[in-house]
Structure formats: C-alpha cells, structure tokens
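Residue numbers (our numbering): 394 to 644.
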Amino acid sequence: TLLEATRGFNTVQILPDTDGSLWVATENGLLLLKNDTVAHWFRNDENAPNSLSNNHIRSLYRDTKNNLWVATFDGLNLYNPDKKDFTVYYPGDAPQSISGNDIWDLVEDDEGRMFVAVGSSASYDKPGLNQFLNFDQRPSPKEAAFKVIIRGSINKLLVDQQQRLWAGHGGSGGLSVIHLNSLHKSDLVHFNYKHSHHNSKSLTDNTISALFLDNNKDVWIGTYGGGTNLYSPRIKPFHNYDLNTQAQHSL
394 TLLEATRGFN TVQILPDTDG SLWVATENGL LLLKNDTVAH WFRNDENAPN SLSNNHIRSL
454 YRDTKNNLWV ATFDGLNLYN PDKKDFTVYY PGDAPQSISG NDIWDLVEDD EGRMFVAVGS
514 SASYDKPGLN QFLNFDQRPS PKEAAFKVII RGSINKLLVD QQQRLWAGHG GSGGLSVIHL
574 NSLHKSDLVH FNYKHSHHNS KSLTDNTISA LFLDNNKDVW IGTYGGGTNL YSPRIKPFHN
634 YDLNTQAQHS L
C-alpha cells in the first residue's frame, strides 16, 4: 500500500499524469498510483542497470513532449513507459557529459531548452547549472550532450515570463538570475543576489530551498532558516516574510 511504501520516508513531490494516475516521489523510490492503489513501485536494483538509479528522489519534471524526468541523489533518470524502466545519465569522461550526479531540479523554457540543477556531491565536485542540449531526442547516455552555464551547487530552477532563468543555490551561494536571450552570446548576462547585513531588503538567507512564480509575475523565494522572500518587478527589492510566533497575523 501507499502507506506501507512511504512510512518513515519523506514524500518529495506528487505529479499527476495525463491519464489521471499520480506519480509519488519519495526518499524510498518512485510510486505510480492508479485508482488509489500502488500500480508500481520503482526502486533501485543493483542487478538491473535500467532500474531507478537511486531511491532518494529530489524532484520530478514532465517536459513539453510528455517525457517524465526523475532527479535523484545519484543520477538523472528518463522514464521509458514502454519498458517501464529508465535511461540514466551520469557524469563521465566525455567532455559533454553531465557535470555531476546529485540532480536537484529541471526546467524547460519557452524555446524548448532544458536546464538541469546539479548540486555538490562527494563523488563529483563539479556542481553547476547544466543545459541538456539534445534532451528532446531522448539520447542514449553516451550520446547525451550537456553544457555548464554557471558553476556552483544549484538546488532549484524557475523560468519566468521574461525569459529569465532563476537558479537557487545551495551552500550559501545565493540566487542567480540569467537572461536566457544572452545564452549564446559571448557575454552571458546574469546577476547573483545575496544577503547583505547593510541592506534590509536583500535576501534573508543565501541557501535557496524553493522558487515559485505567481499570477502577478512575482517570484517567491524560500530559504533555509531565513523565511520567505518576494521579488516583484513592480517594486524591485526583496520583501521578507518571517515566522513570528508572537504576532497574531504572522505565518
């Protein structure tokens, strides 16, 4: 049952499928729910090279071609619905392989470009924002082509309606904002926001845990221990929302 499969483990994300079923990502594998029952429980199997690469899932993402991607603690997975297995992308010796194995998030922009957030790990100390150049071809691991856009451990990704890519860093790296229109130019236009003790409207913390774009085109930024921040193009500075146990109307 779902309760048995997830008891004692964090549920990371729930993603609906086109047929009404649900994908449930946990730190103990990936579950497919149909009619409120577990139709399949995908977990890593050392004897099956095409199984889920790691049971600790970071996030799920469905691209515009309806491909399901699974970001895990050890490897990027592409689900193969016909075979009910996965194509797994790991870092390797090839210059165009993905830069690391700890995958946190994915996002696709309006031009059909895929970006992958790679965090720090003990195995591969080359974290960064990777562009998956040929993801739409569902390439084999040997044919996959990645390009590092910026360095640093990346936790969360968001593309806004102005074709800016927001990349939330782990490890106190702050928040990077990349103008995607400059992606193929010699000078990449990007900015990095960090907390400043001298600016009350700066980020409240430099480690980012969540990003969300609302209907007003404002960006909400969740941090580890620093509360929630709001960036609005109408007012420019960051606005901070903190937990205040003494205030009646606080979060």
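Heads up, the beta-carbon is just placed ideally off N, CA and C, and yes, glycines get one too. All figures in this text were calculated on a predicted structure; none of them were measured in a lab.
query: Under the three-state reduction of DSSP, which class applies to Leu396: helix, strand or coil?; result: helix
query: Report the residue from Gly618, Pro532 and Trp497 whose alpha carbon sits nearest the alpha carbon of Ser452.; result: Trp497
query: For the structure I just gave you, are there three or more beta carbon pairs, one from the region 595 to 603 and one from the region 615 to 622, closer than 8 Å?; result: yes
query: Below 7 Å CB to CB, which residues in the same chain sit around Gln554 once its five sequence neighbours on both sides are set aside?; result: Lys610
query: One question on the structure: do Leu551 and Leu606 come within less than 9 Å of each other, judged by their Cβ atoms?; result: yes
query: In angstroms, rounded to a whole number, what distance separates the CA positions of Thr621 and Asn548?; result: 16 Å
query: State the CB to CB distance for the pair Leu522 and Val541, rounded to an integer number of angstroms; the pair is presumed to be in contact (CB under 8 Å).; result: 7 Å
query: Go to Arg557, then tell me how far its beta strand (DSSP E) extends in each direction, as first and last residue.; result: Arg557 to His562
query: Can you grab the Cα-Cα spacing for the pair Ile450 / Thr419, in whole Å?; result: 6 Å
query: Taking the alpha-carbon positions, what's the Asp486 to Ala538 distance?; result: 12 Å
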